[in-house]
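Undergrad: Before I ask anything, here is the structure I am working with.
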Amino acid sequence: RKEVEQDPGPFNVPEGATVAFNCTYSNSASQSFFWYRQDCRKEPKLLMSVYSSGNEDGRFTAQLNRASQYISLLIRDSKLSDSATYLCVVRRAAGNKLTFGGGTRVLVKP
Amino acid sequence: NAGVTQTPKFQVLKTGQSMTLQCAQDMNHNSMYWYRQDPGMGLRLIYYSASEGTTDKGEVPNGYNVSRLNKREFSLRLESAAPSQTSVYFCASSAGSSGNTEAFFGQGTRLTVV
Chain A
735 RKEVEQDPGP FNVPEGATVA FNCTYSNSAS QSFFWYRQDC RKEPKLLMSV
785 YSSGNEDGRF TAQLNRASQY ISLLIRDSKL SDSATYLCVV RRAAGNKLTF
835 GGGTRVLVKP
Chain B
46 NAGVTQTPKF QVLKTGQSMT LQCAQDMNHN SMYWYRQDPG MGLRLIYYSA
96 SEGTTDKGEV PNGYNVSRLN KREFSLRLES AAPSQTSVYF CASSAGSSGN
146 TEAFFGQGTR LTVV
């Protein structure tokens with residue numbers, strides 16, 4: 735089983751709609767969690783960190799469920815510019831190891 | 046404001062050739078990473094260095110070696126390139142092991158082995 739798993743998609747989303755997807759992780763020692771965005775195989779860039787109590791950044795909401803070992807990302811009022819691959823990242827404190835999921839592709843259409 | 050710099054940006058190698066991918070960061074980060082990304086896949090960790098003087102294997106270390114030359118630089122070496130190593134390689138760095146420290150990436154090296 736992969737350490738970090740994501741639904742590859744694509745999620746085809748009408749402009750203005752809401753989309754949500756999850757990421758599961760297998761190592762309970764995982765300490766920190768992030769969502770990164772990647773465009774057309776350019777370098778990934780941080781979208782948001784995920785905090786235990788859940789957090790929001792504009793139209794983006796991230797949640798963490800430690801008991802079930804998953805994190806989620808919700809995008810409200812989707813824009814065409816939200817089309818990208820969203821990468822889940824899990825950090826293990828030991829060695830500061832960062833492990834990526836395979837990515838979830840989102841396509842927002844007019 | 047350079048951040049993470051990778052060289053070269055593109056490279057074509059013949060099977061069996063060797064090469065070193067260079068990575069340098071100017072953010073005084075402790076940890077550095079090498080990933081590869083194949084079409085339609087996420088980033089897979091090759092090697093990482095939690096701090097200067099230490100290196101550890103990731104998911105896919107076979108066929109690669111690394112050197113953490115100093116705090117700034119972390120190089121990846123392919124001793125005998127194979128077509129299966131055709132990929133995009135990303136170097137990244139992060140501050141350390143406390144808190145939600147963000148990783149910053151270089152622009153990638155697109156390597157083709159023929």
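So the sequences go chain by chain: A and B. When we follow my numbering, the leftmost residue of the first sequence carries the number 735, and every step to the right adds one. When we follow my numbering, the leftmost residue of the second sequence carries the number 46, and every step to the right adds one. Ideal Cβ placement from N, Cα and C applies to all residues, glycine included. This structure is a prediction, so every number in the text was calculated from the model and none was measured.
Taking the beta carbon of residue 701 of chain A as the centre, do at least 16 other beta carbons fall within 10 Å, making it buried, or is it exposed?
TA: This structure does not reach residue 701 of chain A, given that chain A is present from 735 up to 844, and the question cannot be answered.
Undergrad: Under 8 Å, CB to CB, which of the residues in the stretch 68 to 80 of chain B have a partner in chain A?
TA: Going along the stretch 68 to 80 of chain B in chain order, one finds 75, 76, 78 and 80 with a Cβ nearer than 8 Å to chain A.
Undergrad: Of the choices B:102, B:150 and B:86, whose alpha-carbon is the least far from that of residue 135 of chain B?
TA: For this step, residue 135 of chain B is matched to residue 90 along the second sequence. Comparing Cα positions, the closest option is B:150.
Undergrad: Using 8 Å as the threshold, is the stretch 789 to 803 of chain A in touch with the stretch 47 to 61 of chain B, meaning 3 or more CB pairs across them?
TA: Touching, no.
Undergrad: Using a Cβ-Cβ cut-off of less than 7 Å, give me the residues of the stretch 829 to 844 of chain A that come near chain B, in sequence order.
TA: Cβ contacts with chain B: 829, 830, 831, 832, 833, 834, 835, 836 and 837.
Undergrad: Is residue 128 of chain B helix, strand or coil when you go by DSSP?
TA: Position 83 of the second sequence, counting from 1, holds the residue named residue 128 of chain B. The answer is helix: DSSP assigns residue 128 of chain B an H, G or I state.
Undergrad: So, does the CB of residue 807 of chain A fall closer than 8 Å to a CB anywhere in chain B?
TA: In the first sequence, residue 807 of chain A corresponds to position 73, counting from 1. Chain B, which has no Cβ nearer than 8 Å to the Cβ of residue 807 of chain A, makes this no.
Undergrad: What are the boundary residues of the beta strand (DSSP E) that residue 72 of chain B is part of?
TA: Locating residue 72 of chain B in the second sequence gives position 27, counting from the first residue. Element bounds for residue 72 of chain B: n/a, residue is neither H nor E.
Undergrad: Residue 747 of chain A and residue 834 of chain A - do their beta-carbons sit closer together than 8 Å?
TA: Mapped onto the first sequence, residue 834 of chain A falls at position 100. Mapped onto the first sequence, residue 747 of chain A falls at position 13. The answer is no: Cβ separation not under 8 Å.
Undergrad: Residue 740 of chain A to residue 755 of chain A, Cα distance in whole Å?
TA: Within the first sequence, numbered from 1, the residue matching residue 740 of chain A stands at position 6. Within the first sequence, numbered from 1, the residue matching residue 755 of chain A stands at position 21. Spanning the two alpha carbons is a distance of roughly 8 Å.
Undergrad: Closer than 8 Å by beta-carbon distance: list the chain A residues that pair up with residue 93 of chain B, in chain order.
TA: In the second sequence, residue 93 of chain B corresponds to position 48, counting from 1. Within 8 Å Cβ-Cβ: 829, 830, 831 and 832.
Undergrad: Would residue 130 of chain B pass as a contact of residue 111 of chain B if the rule is Cβ separation under 8 Å?
TA: For the purposes of this step, residue 130 of chain B is identified with residue 85 of the second sequence, where counting begins at 1. For the purposes of this step, residue 111 of chain B is identified with residue 66 of the second sequence, where counting begins at 1. Going by C-beta atoms, residue 130 of chain B is not nearer than 8 Å to residue 111 of chain B.
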